[in-house]
Amino acid sequence: MTHTLLRSLFMAVPAALLASVAPLAHSEEVGSVNTNFHLTGSDRVVVEAYDDPDVAGITCYVSRARTGGIKGTLGIAEDPTEASIACRQVGAIHFNGPVRQQSDVFSERMSLIFKTLHVVRVVDPKRNTLVYLTYSDRVATGSAKNSVTAVPMPAGTAIPVK
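Under mature numbering (1 follows the signal peptide of the UniProt record, and there is no 0), read the sequence shown as residues -27 to -1, 1 to 135, first letter to last.
In structure tokens:
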């Protein structure tokens, strides 16, 4: 029985670790530029598109640095904290249901385990606008570096808030 328990733990711990570091959001890389050449992979700035999962017709574009080199190639480098965001209406706005006043709509890891990039959607009901904020955090600390953008709703489109 002890052997079976140990074997189960041996299989479960790596699976849980992989699940904890997997990106929570699906991003599509739109483009990138190299900023520092390395033989094993250049440092670069990437632009990624994220479609808002709760609001059809809104896409957020996030630019951020990606570390190259051996660590970057192996996926163990810690990317810099800076990020910029621009969200735009790219189609007809349709809410899949009521949205929370504030919700973490996208997350993506910036290091193997400890650092995560967040995009938070905040509803501004007075101005009928969706505000998107990006920032990063670590397991123990966060960063004050952030970027914000806003998408006003078309006339006649109310934001359904939970």
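All C-beta atoms, glycine included, are put in the ideal place defined by N, C-alpha and C.
Taking C-alpha atoms, which residue in Val35, Val72 and Gly14 lies nearest to Gly4? Val35
Rounded to the nearest angstrom, what separates Asp25 and Ala117 at their Cα positions? 24 Å
Should Arg37 go down as buried or exposed, given a rule of 16 or more other Cβ atoms within 10 Å for buried? buried
Between the Cα of Leu103 and the Cα atoms of Val134, Lys88, Arg17 and Glu55, which residue gives the shortest distance? Val134
Could you round the C-beta distance between Ile66 and Gly14 to whole angstroms and report it? I think they count as a contact, below 8 Å. About 39 Å; that fails the 8 Å criterion.
When we look at the beta-carbon of Val96 and count the other beta-carbons within 10 Å, is it buried (16 or more) or exposed? buried
Classify Val78: buried if its beta carbon has 16 or more other beta carbons within 10 angstroms, exposed otherwise. buried
Endpoints, the beta strand (DSSP E) within which Ile132 is located: Careful: Ile132 lies outside any beta strand (DSSP E) and carries neither H nor E.
Which term fits Glu2, buried or exposed, when burial requires 16 or more other beta carbons within 10 angstroms of its beta carbon? exposed
Which whole-angstrom value is the C-beta distance of Ile132 and Val72, which I expect to be below 8 Å? 7 Å
Evaluate Ala128 with the Cβ neighbour count: other Cβ atoms within 10 Å of its Cβ, from every protein chain shown; 16 or more gives buried, anything less gives exposed. exposed
Under 8 Å between C-beta atoms of Phe68 and Val124: no
Looking at the secondary structure, which residues open and close the beta strand (DSSP E) in which Phe68 lies? Ala56 to Phe68
Using CA atoms only, rank isn't needed, just tell me which of Gln62, Cys33, Ala22 and Arg39 is closest to Val6. Arg39
Leu(-4) to Ser80, Cα distance in whole Å? Only weak support is given to the placement of Leu(-4): the predicted model assigns it a pLDDT of 44, under 50, and the question is left unresolved by the model.
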